[in-house]
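Residue numbers (our numbering): 580 to 902.
Below is one structure; the comments refer to it alone.
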Ligand SMILES: Cc1cc2nc3c(=O)[nH]c(=O)nc-3n(C[C@H](O)[C@H](O)[C@H](O)COP(=O)(O)O)c2cc1C
């Protein structure tokens, strides 16, 4: 079980926020395959706080996907609080504050991971949001801005203050901002955070590509839960397998071709409902690459599916390669 404020999950993992990926289609699929909670990709607070923008269907959670969290990005406490209220107003069950994003544009605007240099801003934003919404509020961090002692000091300042404030959960990606996605995630820091702050719910993130291994990393580091990101792209079975592990069942083998076909079609059908036909085909390609990893003729299947220029071609290629 995983407790995030007043929300209790029956298994201690969830689908992480992934910009450009964790739209309704990926979230719903994650739910169908066993994730007890999912998150939107990061949403700019300024947009969410704007009533015209938030009214667009793109932002709204669907009735059949709860509980679902919205993640916001910004540098001003008031705007972040307004965004959080608006997102809760349209139905989100949790709010996650992003102080982790390493994208150059985000750093230039002094948002996301940049704020790990300014512990006090993070604390002010967190307090303001927490006071303004009644749902659980989580905070997403990396382990610092870079690898300097000053960054490390700032990280521990942020963590200790948020823990002292009784934050509902910290999601920590075990890399610093400068690292982006290079090197490997440092789960020792996550273990240290949990050791120093045993009362706070700590969720680990980083390099979780296999269910059995992910469950082991969680056990070794003693964190309360784990967030699945890249490992779940074109691989909803990692979520199914994690659920099996936490329910004490044995892990099923790799998905059969029939199971792969079913997931691909189910996923694409939802994407088709969200985007115009041209965009849907292009957008789905990044997931196809993941799905094809399970196919015995990976390269040929990938080539055939990626070459599809429209829906009919895609469905025909799926029939050829998946039977
Ligand atoms: C394409 C991509 C988009 C991401 N978007 C977000 C995001 O919107 N918000 C966030 O907090 N983290 C985001 N992340 C980070 C992931 O949630 C996760 O913390 C990170 O990828 C480490 O986990 P992994 O190594 O298992 O993928 C993103 C990662 C990737 C690869």
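For glycine and all other residues, C-beta sits at the position ideal for the given N, C-alpha and C.
| Query | Result |
| --- | --- |
| If you compare alpha carbons, which of 876, 752, 840 and 872 is closest to residue 893? | 840 |
| In chain order, which continuous runs of the beta strand (DSSP E) of length 3 or greater are located wholly inside the segment 589-676? | 592-594, 617-623 and 647-652 |
| Let's test the definition: count the other Cβ atoms within 10 Å of the Cβ of residue 881 and tell me whether it reaches 16, buried, or not, exposed. | buried |
| Excluding the 5 residues preceding and the 5 following residue 769 in the sequence, name in chain order all residues of the same chain whose CB lies nearer than 7 Å to its CB. | 751, 753, 781, 783, 800 and 802 |
| Could you compute how far the alpha carbon of residue 708 sits from the alpha carbon of residue 877? | 46 Å |
| Give a single yes or no on whether residue 649 has its beta carbon closer than 8 Å to a heavy atom of ligand 1. | no |
| Which residue comes first and which comes last in the beta strand (DSSP E) that contains residue 784? | 781-784 |
| Please state whether the Cβ-Cβ distance between residue 662 and residue 624 is less than 9 Å. | yes |
| Quick test of the definition: if touching needs 3 or more C-beta pairs under 8 Å, does the segment 867-874 touch the segment 829-849? | yes |
| Between residue 601 and residue 594, which are expected to be in contact by the criterion C-beta below 8 Å, what is the C-beta distance as a whole number of angstroms? | 6 Å |
| Where does residue 788 sit, in a helix, a strand or coil, going by DSSP? | coil |
| Select from 616, 665, 698 and 606 the residue whose C-alpha is nearest the C-alpha of residue 629. | 665 |
| Between which two residues does the beta strand (DSSP E) carrying residue 721 extend? | 716-721 |
| Could you check the C-alpha separation between residue 632 and residue 626 for me, to the nearest Å? | 6 Å |
| Kindly indicate the opening and closing residues of the alpha helix (DSSP H) around residue 837. | 836-853 |
| Mark residue 779 as exposed unless 16 or more other C-beta atoms lie within 10 angstroms of its C-beta, in which case mark it buried. | buried |
| Between the segment 847-861 and the segment 822-835, can you find at least three pairs of beta-carbon atoms closer than 8 Å? | no |
| So, using beta-carbon positions, are residue 756 and residue 692 closer together than 9 Å? | yes |
| Throw me the rounded Cβ distance for the residue 678 and residue 720 pair, which I believe falls under 8 Å. | 5 Å |
| State the Cα-Cα distance for the pair residue 766 and residue 796, rounded to the nearest angstrom. | 8 Å |
| Using only the alpha-carbon positions, how far apart do residue 813 and residue 736 sit? | 37 Å |
| Buried or exposed: residue 855, going by 16 or more other Cβ atoms within 10 Å of its Cβ? | exposed |
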